[in-house]
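The sequence shown begins at 3 in our numbering and counts up by one.
Okay, structure first, notes after.
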Amino acid sequence: MACQSVAAVMDEQALLGLNPNADARYRQRAMAYFEQLKESQDAWEVCAEALAKGIYNDDHVKFFCFQVLEHQIKFRHAGLSGVQQQLIRETLMKWLQCQLMNAQPEKPFIRNKAAQVFALTFVMEYLTLWPKFFFDILSLVGLNPHGVDIYLRMLMAIDAEVVDRDILHSPEETRRNTLIKDTMREQCIPSLVESWFQILQTYQQSHPELTCQCLEVVGAYVSWIDLNLIANDRFVNLLLSQMSVEELREEACDCLFEIVNKGMDPVDKTKLVESLCQVLQSAGFFNVEQEEDVDFLAKFSRLVNGMGQSLVLSWTKLVKTGNMKDATETLQAIEAKVPLVLQLLVHEDDDISANVVGFCYEYLHVLKQLPQLTEQQKTNIEAIMLAVMKKLTYDDEYNFENEGEDEAMFVEYRKQLKMLLDRLAQVSPELLLEAVRRVFTNTMQNWQSAPFMEVEVAIRLLYMLGEALPTSHGAHFSGDTAKTSALQDMMRTLVSCGVSSYQHTSVSLEFFETVVRYDKFFIVEPQHIPNVLMAFLDQRGLRHNSPKVRSRVAYLFSRFIKTLHKHMNAFIEDILTRIQDLLELTPPENGFPALLTSDDQLFMFETAGVLIVNGETPVERKQVLMRSLLTPLMDAFRLLLAKLPQETEEERRTALADCLSHAVGFASRTSKAFSNKQTVKQCGCTEVYRDCLQTFLPALSCPVQRGVLRSSVRSFLHRMIICLEEEVLPFVPAASEHMLKDCEAKDLQEFIPLISQITAKFKRQVSPFLQQVFMPLVLAIFEVLARPAEDNDQTAALEKQMLRRSYFSFIQIITGSGMNEVMANQGAENIERIVFTIIQGAVDFPDPIAQKTCFIILSKLVELWGGKDGMVGFPDFIYKHIVPACFMAPLKPTFDLSDAQTVLTLSECAVTLKMIHLKRGPEFIQFLQQEYLPSLQVSPEISQELCQVLQQADMKVLKNYIKAFFQRAKL
């Protein structure tokens, strides 16, 4: 053996570190030793010897030796000598031989690792050095249980390496794997299948765990080997006999599922499924009610679903090819499975039921394609419908107050059932509507005595009809009269039968969800609005004892009011009075838990705003109502803001700042009620919002909790720019001054959109202000960008990148808004400094989004200042800096022309060159041909070609040419 010379020279001290309980020093030594053995030319051979001779009894050492061997095969195989490759093969076979003689098998983790190493060796050598791999293994192992166990693990490891579609392979590996499978099919698959048969037959009683392993192997390999080797009487009968053995039947089910799933000719597939079904039925497997083992039924339902879906696929293929005779037979086979599938669909175990939803869904899709339905098919549809209705029902164990994993799984399962319901609606909307109506009406007649789950599911079904039955824009109460009157009857019953008083959170939630889903019902029958409003406002809704219900109702109430605001005139002031306590700002020292969270209160403030703004009351009344809504917020804000700087505890400071932030957020949310038809001015509310601004702006200079306060006030300013129009302008300079003091990258990044919004909206009106704020803002940005940051601080790097982008976007808005004077009046030195940052952004930072913006700016500046009457000295700047930028940026190694965003940047670069030509004419062409392009060693022919394209009118030609030009230059 080649490793005799280094026999037993493993570092025993290092091996001690392999024990999980070893101290850190030994573990480090073990890691270092592992690296040394992996990288050495031949030191790894001691591991081979240790495995072949069984020198060590310690499991961790054995595992370690296999890891070292694995590394050699995986990463260094090609560099090993022929003798070393032979050594690996011999080591593995000697180790395997030892396993046959050992009284006790190795631990599973060692057997799995060994199987992996065998599989890697197989992948590397089967096509070249070890074509007899399986012959050698099978000859050695025979029917020895320890050997068979490793052989089966090996086959699963080979499947993982060669076949498993979940593992990503390179094109080269994919080609190799295809070749391996082709060679195996030719040379050894029949022998492997025979070995499986022998194992299944020999061990089904004495070693059920080996039989299960073998069934798993058959299931894995059946997808790519000749199915006739498995789907024959001998093999299938054996599998079916194992369906009756308790320890084996789950694996046997999985194996049959893989056989059924195998792609094949549709007629053959139908025959295969039907023959399987006959045998399973005669063996009593279809008597689902008598089966108590839910784990087996979960596997069996998956098999039934697989058979059903395979038949549907066969039917689809046969119909497509026009083979109607076989298609009819396949459809009969599909129909024959429905009674069994229905038994599984209504099974009390949701996993078993969920497994057959796929087949039910596809069966309904088949029925949808048929010209007309038979009576039996209609009966099947109704049966599926009733099953879905039954299975949608909550069970007693569902925990509504503390929803955990089981509850989450039921919610997911409900989503699958909803898909079935939607499909039922497509196949037969009339049947579905009638069935839901029947269930709904019966339940609502005696809701007081019905259990909550029946009441909830009845309302839920009505709710689900809203999505299942198609309409345009929720117009459920116009058009098809049969549908309209049925829905209208059910809604009338829902809101008038008193079920809103049912004492269960699930029923309360479903009631309000349904009322809002069908809010247009109240346009048709507005007489029900007062009753429903009371339900929203009292202990059934916003004052319910469950916080979950209150929270959801706050949102649903805002939607209800938005849709029906025209019908609310008679109730506005009553509603505002009733919700007054829900609109109070809850100060942190209160100590009482509020009915609603601050997020819920946002919806309440928006609702109040909608009621006030859309009411048909005089402007003066709207003004009074809006002031009474906002004044308490302003008063509370002033008090809390005065307290904040005096507070010493950080926790209390945070609580106060959050409360202040909520006050601003609530005021801001009321403004969402305004629209183009109902502006702040038209409603007489300008003054109260200006008062809000005056109240909130001092928070910008608060020395503590600046981040939270600035963020909320800035958001309020954004809203006011939209709502108050030019009334907001007097407040902007002071606000800007405060926001530019002592700011971080994030502050600036969030401030720039505010200035951009003002610029885009008011343009010339704000030109004097912009000229004043421009340099302070730009200098603040430069200062933050110049701050040193640690090399590996990715957050800081990202913040700077985002700030740089915001800065360039700001300059783009200024240059693109026709306010030439804002930059032009900053003085020559400042202008030059700014334009240099644009050049730098275009060339030096590998950020295509920012680079694209920079080229857009450069193009605009050339347009503004590059002509005959442009800025003095700017043409010179174009030739010295802008033209080189257009060539230097694309020539950078980081400028990736295969990236879509970078290609867009290149397009803007081309636009800039075109703009220079438009502004400077022949002078630019002369500069390129005689000075600049020769300095880049561009040949006269290419130079002339580029200049000709530049002079053409077609921009698309130029963009394509520029791309090709730089692709060539980078070769």
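Ideal Cβ positions, reconstructed from N, Cα and C, are used throughout, including at glycine.
Excluding sequence positions up to five before and after E622, its CB lies within less than 8 Å of the CB of G686, all in the same chain and listed in chain order. Of the residues Y365, K564, R789, the one whose Cα lies closest to the Cα of M309 is Y365. Here the C-alpha atom of A437 lies approximately 56 Å from the C-alpha atom of K763. Of the other Cβ atoms in all chains shown, fewer than 16 fall within 10 Å of the Cβ of P373; this residue is therefore exposed. The three-state secondary structure of F573, taken from DSSP, is helix. Contact annotation: L915 and P892 have beta-carbon atoms that are not nearer than 8 Å. Residue ranges of uninterrupted alpha helix (DSSP H) with 4 or more members, entirely inside the region 819 to 844 and ordered along the chain, are 822 to 826. Between A657 and V710, the C-beta gap is not smaller than 8 Å, which leaves the two residues out of contact. Under the three-state reduction of DSSP, Y400 is assigned to coil, being neither helix nor strand. The way I'd put it, the region 665 to 673 does touch the region 708 to 726; three or more beta-carbon pairs between them come closer than 8 Å. Contact annotation: the region 281 to 298 does not touch the region 218 to 237, with fewer than three C-beta pairs closer than 8 Å. Across the structure, S225 and M186 are spaced so that their CA atoms are roughly 14 Å apart. F124 counts as buried, since no fewer than 16 other beta carbons sit within 10 angstroms of its beta carbon. V220 and C257 have their alpha carbons spaced roughly 7 Å apart. When the five nearest sequence neighbours on each side are left out, the beta carbons in the same chain lying within less than 8 Å of the beta carbon of L333 are those of W317, V368, in order along the chain.
Between V343 and C362, the gap from beta carbon to beta carbon is short of 8 Å. Short of 7 Å from the beta carbon of V715, and not among the five residues preceding or following it, lie these beta carbons of its own chain, in chain order: V666, F698, L699, A701, L702. F812 sits buried, since 16 or more C-beta atoms from the chains shown fall within 10 Å of its C-beta. Apart from the 5 residues on each side of it in sequence, E108 sits with its Cβ closer than 8 Å to the Cβ of D61, K64, Q101, A116 in its chain, given in chain order. In the DSSP assignment, A782 falls within the unbroken alpha helix (DSSP H) covering 769 to 788.
Judged by DSSP secondary structure, R236 falls within the alpha helix (DSSP H) whose first and last residues are 235 to 244. Taking 8 Å as the cut-off, the beta carbon of V768 is found no closer than this to the beta carbon of L805. Rounded to whole angstroms, the separation of the alpha carbons of S861 and E943 is 27 Å.
Boundaries cannot be given for H478, as no alpha helix (DSSP H) includes it and DSSP labels it neither H nor E. A distance below 7 Å between beta-carbons, with the five flanking residues on each side excluded, links V864 to the following residues of its chain, in chain order: I880, I884, T914, M917, I918, K921.
Relative to the Cα of C911, the nearest Cα in the group V555, N444, F967 belongs to F967. Taken through DSSP and simplified to helix, strand or coil, W198 comes out as helix.
The continuous alpha helix (DSSP H) containing E943 extends over residues 942 to 953. Looking at the backbone, the Cα of E72 and that of E399 are separated by about 50 Å. With a cutoff of 8 Å on beta-carbon distance, L511 and R554 are scored as near each other. Below 8 Å, too few C-beta pairs join the region 420 to 430 and the region 447 to 460 to call them touching: fewer than three.
For the pair L131 and I75, the Cα-to-Cα distance works out to about 13 Å. Relative to the Cα of I531, the nearest Cα in the group K319, V497, Y691, D637 belongs to V497. CA-to-CA, the gap between D166 and L181 works out to about 15 Å. If you look at K522, you'll find it isn't in any alpha helix (DSSP H); DSSP assigns it neither H nor E. Between C856 and I833 the beta-carbon gap is near 16 Å, outside 8 Å, which marks them as no contact.
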